[in-house]
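Student: Here it is, the structure, as structure tokens.
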Amino acid sequence: MPDLLIELLSEEIPARMQATAAEDLKRLVKDGLAAAGLSHCDAAYCVTPRRLFLKVSGFPKISRATREERKGPSVNAPGKALDGFLRSTGLSKEDLEARDGRKGQVWFAVIEREGRPAGQIVAEVLDAVVRDFPWPKSMRWGTGSLRWVRPLHSIICLLSDAEKVQVVDLEVDGIRAGSRTVGHRFMAPEPISVTSSDDYLAKMSGAKVVVSAKEREEIIVREATRLAEARHLELVEDTDLLSEVAGLVEWPVVLLGEIGEEFLDLPTEVLQTSMRVHQKFFSAGDGSGRITHFIAVADRETADEGATILAGNQKVLRARLSDAKFFWKNDLRVAKHGMTAWTDMLGKVTFHNRLGSQAERIDRISCLAGEIASALGVDRVRAVEAARIAKADLPSEMVEEFPELQGVMGEHYARVAGVPDEVASVAREHYRPLGPSDEVPNGSLSIAVALADKIDTLAGFWAIDEKPTGSKDPFALRRAALGVIRLVLENAQRRPYLEIAGAP
Numbered sequence: 014m015p016d017l018l019i020e021l022l023s024e025e026i027p028a029r030m031q032a033t034a035a036e037d038l039k040r041l042v043k044d045g046l047a048a049a050g051l052s053h054c055d056a057a058y059c060v061t062p063r064r065l066f067l068k069v070s071g072f073p074k075i076s077r078a079t080r081e082e083r084k085g086p087s088v089n090a091p092g093k094a095l096d097g098f099l100r101s102t103g104l105s106k107e108d109l110e111a112r113d114g115r116k117g118q119v120w121f122a123v124i125e126r127e128g129r130p131a132g133q134i135v136a137e138v139l140d141a142v143v144r145d146f147p148w149p150k151s152m153r154w155g156t157g158s159l160r161w162v163r164p165l166h167s168i169i170c171l172l173s174d175a176e177k178v179q180v181v182d183l184e185v186d187g188i189r190a191g192s193r194t195v196g197h198r199f200m201a202p203e204p205i206s207v208t209s210s211d212d213y214l215a216k217m218s219g220a221k222v223v224v225s226a227k228e229r230e231e232i233i234v235r236e237a238t239r240l241a242e243a244r245h246l247e248l249v250e251d252t253d254l255l256s257e258v259a260g261l262v263e264w265p266v267v268l269l270g271e272i273g274e275e276f277l278d279l280p281t282e283v284l285q286t287s288m289r290v291h292q293k294f295f296s297a298g299d300g301s302g303r304i305t306h307f308i309a310v311a312d313r314e315t316a317d318e319g320a321t322i323l324a325g326n327q328k329v330l331r332a333r334l335s336d337a338k339f340f341w342k343n344d345l346r347v348a349k350h351g352m353t354a355w356t357d358m359l360g361k362v363t364f365h366n367r368l369g370s371q372a373e374r375i376d377r378i379s380c381l382a383g384e385i386a387s388a389l390g391v392d393r394v395r396a397v398e399a400a401r402i403a404k405a406d407l408p409s410e411m412v413e414e415f416p417e418l419q420g421v422m423g424e425h426y427a428r429v430a431g432v433p434d435e436v437a438s439v440a441r442e443h444y445r446p447l448g449p450s451d452e453v454p455n456g457s458l459s460i461a462v463a464l465a466d467k468i469d470t471l472a473g474f475w476a477i478d479e480k481p482t483g484s485k486d487p488f489a490l491r492r493a494a495l496g497v498i499r500l501v502l503e504n505a506q507r508r509p510y511l512e513i514a515g516a517p
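Now the structure itself:
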């Protein structure tokens, strides 16, 4: 029984699309083969930035013969009904059988199909899959009509067993399937001929391509940990970044670099976010919470063991962190004066064109937070104070550059402004939980403001009929609703919140 090997080689596939694309390829090919009568044992896929790989094991050389009986219209039905039935079956009237039914005779079609060669079926299935592939975004290039996420260069499509290797006769928009591919773009760009899936995987490894995304992740973690431990550092775990970086390289080469001493007084979150968002660097610290080094992942080996690449990365990082330090210093000047310059600006920042400005929203949240605080037995004045500064950092230069740091920077700036710690921490904690794996705040002030924030969001968007649908939730209302539920249940704070919020 032959195995099927497919490789679709293109320009770089965005990392966020790779896993879904590989799963779609597997699903569409399997479904297409099954619909055509080619049963199979197993299918496995891999994906790199430049290629989708699929192996389908153990299906017959010829599809099974089929016999289908299809019921048609009544023998006495109008001619148009019969014509439509004949078109759908591909038969003539002479091929039909008249059978007795409960209400008279009915036409039946008996459709017999002989088995077809596997290669013919694979060609039809893969042609349809490639032409109609469900990329979230796609492009055309040159003069062709094919759409792909990035220009598609070549297709491998082989049926192989112990007896022979068959290149499937397939051409998609001028790209003819073959048995040749290329290795790593820089380190092994020469053509490579393959004869089977096992041969493909072995030759790809020799051509500096790690086909498995999971294996690339393991290499990155292993080498990053080794480099960090050699310098008595601790690697900061970041699974989302790991998955993204593994989708940016075919041959991961891990490098360790230092953050300049002049940037170490920046908040840890600023260092991590700047490196993560702009440079795709991992962070490494000295064990005391200080981030002092970064881990970069290159996509090639060099004669100088990455020294030139590392120097270039450090130069770019220095420029990024210089900007961050500039924003930090400017923001500190505002924070030292009580953040009033920012809170005054919120009246000019639109929250939603039908729900008013951020200042109006904060007025609503403050009022509701005070009511919730009273119900929870918390200092009402403190809750209102916390709500009024919770979003003060939104106009800050740091948050404008790194929106991911909203709330985080608010806590830092509130402390600089002399706000008590329990009030300052609300700026960070009232956004939580940010997802199912995020912890809920358990401080009374944070609970009150977090509930007020989320209830205001839900009530406001429901009032203007901006409700989530099955496929769209642009204002993250599901997350807000789940956040309210978790805040109440996990903190055992059951109260009549609808009455508190003034619901009719």
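Per the numbering used here, the very first residue in the sequence shown carries number 14; after that it's consecutive.
Beta carbons: idealized from backbone N, C-alpha and C, even for Gly.
What are the partner residues of Phe307, as DSSP defines its beta bridges?
Tutor: Taking the sequence shown and counting its residues from 1, the one referred to as residue 307 is at position 294. Paired residue(s): Gly270 and Ser296.
Student: Considering only their Cβ atoms, is the gap separating Ala131 from Leu172 smaller than 9 Å?
Tutor: Numbered from 1 along the sequence shown, position 159 holds the residue referred to as residue 172. Numbered from 1 along the sequence shown, position 118 holds the residue referred to as residue 131. Result yes, Cβ atoms of Leu172 and Ala131 sit closer than 9 Å.
Student: Compute the minimum distance between the beta carbon of Glu318 and the heavy atoms of the ligand GDP, and state whether it is under 8 Å.
Tutor: Among the ligands in the structure shown, none appear at all, so the ligand GDP cannot be discussed.
Student: For Asp548, I'd like the list of residues in its chain whose CB is within less than 6 Å of its CB, leaving aside the five on either flank, ordered along the chain.
Tutor: Here the chain comprises residues numbered 14 to 517, so residue 548 is not present and cannot be evaluated.
Student: If contact is defined by three or more beta carbon pairs under 8 Å, each pair taking one atom from either stretch, is the region 123-137 in contact with the region 166-180?
Tutor: Cβ pair count under 8 Å is three or more, so yes.
Student: Got a sec? Which residues, its chain only, sit under 8 Å from Thr208 by beta carbon, not counting five neighbours each side?
Tutor: Here residue 208 is taken as the residue at index 195 of the sequence shown, counted from 1. If we look at Thr208 and ignore the five residues flanking it on each side, its Cβ neighbours are Leu171, Ser173, Val178 and Ser192.
Student: If we ignore side chains and look at the alpha-carbon of each, how far apart do Ala226 and Val195 end up?
Tutor: The residue given as residue 226 occupies position 213 in the sequence shown. The residue given as residue 195 occupies position 182 in the sequence shown. The straight-line gap from Cα to Cα measures roughly 18 Å.
Student: Under 8 Å Cβ to Cβ from Gly319, same chain only, skipping five residues before and after it: list those, please.
Tutor: Residue mapping note: residue 319 aligns to position 306 of the sequence shown, counting from 1. Same-chain partners within the cutoff: Val266, Leu268 and Ala311.
Student: Would you say the region 81-90 touches the region 30-42, given that touching needs at least three Cβ pairs under 8 Å?
Tutor: Taking 8 Å as the limit for Cβ pairs, the verdict is that the region 30-42 does not touch the region 81-90.
Student: Specify, as a first and last residue, the run of the alpha helix (DSSP H) that Ala354 falls within.
Tutor: For the purposes of this step, residue 354 is taken as the residue at position 341 of the sequence shown. From DSSP, the alpha helix (DSSP H) with Ala354 extends over Thr353 to Met358.
Student: Apart from the five residues just before and just after Arg507, which ones in its own chain have a Cβ nearer than 7 Å to its Cβ?
Tutor: For the purposes of this step, residue 507 is taken as the residue at position 494 of the sequence shown. So the qualifying residues of the chain are Val501.
Student: Under the rule that 16 or more other beta-carbon atoms within 10 Å means buried, what is Pro517, buried or exposed?
Tutor: Here residue 517 corresponds to residue number 504 of the sequence shown, with the count starting at 1. In this predicted model, Pro517 has a pLDDT of only 44, less than 50, meaning its place in the structure is not dependable; the value taken from the coordinates is given anyway. So Pro517 ends up on the exposed side.
Student: Rounded C-beta distance between Asp251 and Phe295? I'm assuming under 8 Å.
Tutor: Taking the first residue of the sequence shown as position 1, residue 251 is located at position 238. Taking the first residue of the sequence shown as position 1, residue 295 is located at position 282. About 6 Å; that satisfies the 8 Å criterion.
Student: Report the residue from Glu512, Leu104, Ala111 and Gly114 whose alpha carbon sits nearest the alpha carbon of Arg126.
Tutor: In the sequence shown, the residue the question calls residue 126 occupies position 113. Comparing Cα-Cα distances from Arg126 to each of Glu512, Leu104, Ala111 and Gly114, the minimum goes to Leu104.
Student: Taking DSSP's pairing of strands, which residues face Leu22 in a bridge?
Tutor: As a position in the sequence shown, residue 22 is number 9, starting the count at 1. In the DSSP output, where bridge partners are listed per residue, Leu22 has Arg64 and Ser167.
Student: Is the beta carbon of Leu471 sitting closer than 9 Å to the one on Leu447?
Tutor: To locate residue 471, count along the sequence shown from 1; it is residue 458. To locate residue 447, count along the sequence shown from 1; it is residue 434. No, Cβ-Cβ distance for Leu471 and Leu447 is not below 9 Å.
Student: Does DSSP classify Asp113 as helix, strand or coil?
Tutor: What you label residue 113 is simply residue 100 of the sequence shown in a count that begins at 1. Here Asp113 sits in strand by DSSP.
Student: Whole angstroms is fine: what's the gap from Asp44's alpha carbon to Gly496's?
Tutor: Translated into positions along the sequence shown, residue 44 becomes position 31. Translated into positions along the sequence shown, residue 496 becomes position 483. Their backbone Cα atoms lie some 39 Å apart in a straight line.
Student: Counting C-beta neighbours from all protein chains within 10 Å, is the total for Gly325 16 or more, i.e. buried, or is it exposed?
Tutor: What you label residue 325 is simply residue 312 of the sequence shown in a count that begins at 1. The residue in question, Gly325, is exposed, as its Cβ has fewer than 16 Cβ neighbours within 10 Å.
Student: Which residue or residues does DSSP assign as beta-bridge partners of Lys84?
Tutor: As a position in the sequence shown, residue 84 is number 71, starting the count at 1. Lys84 pairs with Phe121.
Student: Tell me whether the beta-carbon of Ser76 lies closer than 9 Å to the beta-carbon of Ala56.
Tutor: As a first step, residue 76 must be located in the sequence shown, where it is residue number 63. As a first step, residue 56 must be located in the sequence shown, where it is residue number 43. Going by C-beta atoms, Ser76 is not nearer than 9 Å to Ala56.
Student: Please confirm whether Phe276 and Leu323 have their CB atoms less than 9 Å apart.
Tutor: The residue labelled residue 276 in the question sits at position 263 within the sequence shown. The residue labelled residue 323 in the question sits at position 310 within the sequence shown. For Phe276 and Leu323, no; Cβs fall outside 9 Å.
Student: Between Ala405 and Tyr426, is the Cβ-Cβ spacing less than 9 Å?
Tutor: In the sequence shown, residue 405 corresponds to position 392, counting from 1. In the sequence shown, residue 426 corresponds to position 413, counting from 1. Yes. Within cutoff.
Student: Between the C-alpha atoms of Val397 and Gly383, what's the straight-line distance to the nearest angstrom?
Tutor: Against the sequence shown, residue 397 aligns to sequence position 384. Against the sequence shown, residue 383 aligns to sequence position 370. So the alpha carbons of these two residues sit roughly 5 Å apart.
Student: Strictly by DSSP, which residues pair up with Met152?
Tutor: Within the sequence shown, numbered from 1, the residue matching residue 152 stands at position 139. Bridge partners of Met152: Trp161.
Student: Contact check, Pro15 vs Leu51 under 8 Å by CB: the rounded distance?
Tutor: As a working note, residue 15 is residue 2 in the sequence shown. As a working note, residue 51 is residue 38 in the sequence shown. The pair is not a contact, with the Cβ atoms about 10 Å apart (cut-off 8 Å).
Student: Mind checking Arg374: buried by the 16 CB within 10 Å criterion, or exposed?
Tutor: Looking up residue 374 in the sequence shown gives position 361. It counts as buried.
Student: In terms of alpha-carbon separation, which member of Met422, Pro27 and Ala403 lies closest to Met411?
Tutor: As a first step, residue 411 is located in the sequence shown; it is residue number 398 there, counting from the start. Taking only the C-alpha atoms, the option nearest Met411 is Met422.
Student: My guess is that Leu255 and Val234 are in contact by the Cβ rule of under 8 Å, so how many angstroms apart are they, rounded?
Tutor: The count along the sequence shown starts at 1 and reaches residue 255 at position 242. The count along the sequence shown starts at 1 and reaches residue 234 at position 221. Right, the Cβ-Cβ distance comes to about 7 Å (below 8 Å), so this counts as a contact.
Student: When you compare each of Ile468, Pro487, Asp478 and Ile498 to Glu512 by their alpha carbons, which one comes out closest?
Tutor: Here residue 512 corresponds to residue number 499 of the sequence shown, with the count starting at 1. Ranking Ile468, Pro487, Asp478 and Ile498 by Cα distance to Glu512 puts Ile468 first.
Student: Only counting the same chain, and skipping five residues up and downstream in sequence, which positions put a Cβ closer than 6 Å to that of Pro481?
Tutor: Reading the sequence shown from its first residue, position 468 is the one you call residue 481. Closer than 6 Å at the Cβ level, and outside the excluded window around Pro481, lie Leu490 and Arg491.
Student: Within a Cβ cutoff of 6 Å, which residues of the same chain sit near Leu240, ignoring the five residues on either side of it in sequence?
Tutor: Locating residue 240 in the sequence shown gives position 227, where the first residue counts as 1. The residues are Leu269.
Student: Are the CB atoms of Arg395 and Glu442 nearer to each other than 9 Å?
Tutor: Against the sequence shown, residue 395 aligns to sequence position 382. Against the sequence shown, residue 442 aligns to sequence position 429. It is not a contact, given that the beta carbons lie outside the stated cut-off.
Student: Could you name the residues that DSSP lists as bridge partners for Thr363?
Tutor: Residue 363 sits at position 350 when you count from the first residue of the sequence shown. Ser370, per the DSSP bridge assignment.
Student: Could you work out which residue in Arg100, Ile498, Leu284 and Ser450 is closest to Leu464 when comparing CA atoms only?
Tutor: For the purposes of this step, residue 464 is taken as residue 451 along the sequence shown, with counting starting at 1. The shortest Cα separation from Leu464 among Arg100, Ile498, Leu284 and Ser450 belongs to Ile498.
Student: Out of curiosity, what's the CA-to-CA distance linking Leu183 and Glu257?
Tutor: Stepping through the sequence shown from its first residue, residue 183 is reached at position 170. Stepping through the sequence shown from its first residue, residue 257 is reached at position 244. Approximately 33 Å, taken between the alpha carbons.
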